[in-house]
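This report concerns only the one structure given below.
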Amino acid sequence: MTQAYCAYAKKHEFDAIDTIDILDCNGGDHGYPFATNFNPEVNLREVSAPGSYWEDGHWVEIPAMSIKREYDFDRVGQKDMYLLHHEEIESLAQNIPEVKRIRFFMTFGQSYLTHMKCLENVGMLSTTPIDFEGQEIVPIKFLKALLPDPASLGPRTHGKTNIGCIFTGKKDGQEKSYYIYNVCDHQECYREVESQAISYTTGVPAMCGALMLLTGKWDMTGVHTVEEFDPDPFLDALDKYGLPRSESHSPVLVD
């Protein structure tokens, strides 16, 4: 979805894009002291890994969760967000060659970070097998078995997500900024598909991508990433099937 937002910005809003900030905000509350909204093993490994971003033609790696910003998200409010590495940055850096910087930020509450750091400090995020009472276990897999199943969070999660991209660049020789995003309500998602908004914002774009292939709107031969295709029919499908876009042409930028 965010890759399609980038393609849309490049096609309609900019002659050249200078910076891209991808902002992934989950303002939902499931009521547990600690839980993850998707596979705990994947989520915790992703968050505890070193962060990185693309700047001036090369990767900059940083310690995990070492860059923090605050942002006031539409219909969610003020949230702390942290710079992570995320896979779409890799293809965006190749397919938008003029871009000078690409960053990915995700929001986290302090309770989540405190629990995660404690678990990391005692070795529960480790992927290295250990012997426990004569049986070999992987700590993070054992932790996954202890935590609430993400699929069970739907009926008890309230609040909204806000996912989008902020761009700076040039159009007709003038500097400009642009923000495109969507807001998704956890309880509305649960009423529709009996799941919370994290699975919804993951699943609906995948469905719309499949729709583009099946209807021939995306038909290039070979292996391509989303930002290489025409974004217009894809975003129209997102608008129709539950993730309508919002826009701002004067957004607050992330420093």
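In terms of the numbering used here, the sequence shown opens at residue 930 and continues consecutively. Glycine included, each C-beta is placed from N, C-alpha and C at the ideal position.
Would you call the CB atoms of Q1039 and T1086 closer than 8 Å?
Cβ atoms of Q1039 and T1086: not closer than 8 Å.
Where the beta strand (DSSP E) through F1034 begins and ends
Where F1034 is concerned, the enclosing beta strand (DSSP E) stretches over R1030 to T1036.
Bridge partners for R998 per DSSP, in chain order?
For R998, which the question treats as bridged, DSSP gives the partners M1010.
Using the DSSP secondary-structure output, state which residues sit across from E1117 in a beta bridge.
Within the DSSP secondary-structure output, E1117 pairs in no beta bridge.
Kindly indicate which three-state DSSP category I1127 falls into: helix, strand or coil?
In this structure, I1127 counts as helix in the three-state DSSP scheme.
Identity of the residue in G1145, K1146 and H1115 nearest T1131 by Cα:
Among G1145, K1146 and H1115, the Cα nearest to that of T1131 is on H1115.
So S1128 packs on P1180, CB below 8 Å; how close in whole Å?
In fact, because the Cβ distance is near 27 Å, the residues do not count as touching under 8 Å.
Report, in whole angstroms, the separation of the C-beta atoms of R998 and F1034, which I expect to be a contact under 8 Å.
About 6 Å separates the beta carbons of R998 and F1034, which is inside the 8 Å limit, making them a contact pair.
Inside the segment 1072-1119 only - alpha helix (DSSP H) runs reaching at least 4 residues
Segments of the alpha helix (DSSP H) lying fully in the segment 1072-1119: there are none.
Beta carbon of P1162 nearer than 8 Å to that of M930
No.
How big is the Cα-Cα spacing for L1140 and D953?
In this structure, the straight-line span from the alpha carbon of L1140 to that of D953 is close to 24 Å.
Name the two residues that bound the continuous alpha helix (DSSP H) containing D1161.
It spans P1160 to K1169 - the alpha helix (DSSP H) in which D1161 sits, taken as one unbroken run.
Note down the Cα distance separating K1070 from T1056, rounded to an integer number of angstroms.
Taking the straight line joining both Cα atoms gives about 8 Å.
Determine the contact status of Y961 and P1079, defining contact as a CB-CB distance below 8 Å.
Contact flag unset, no.
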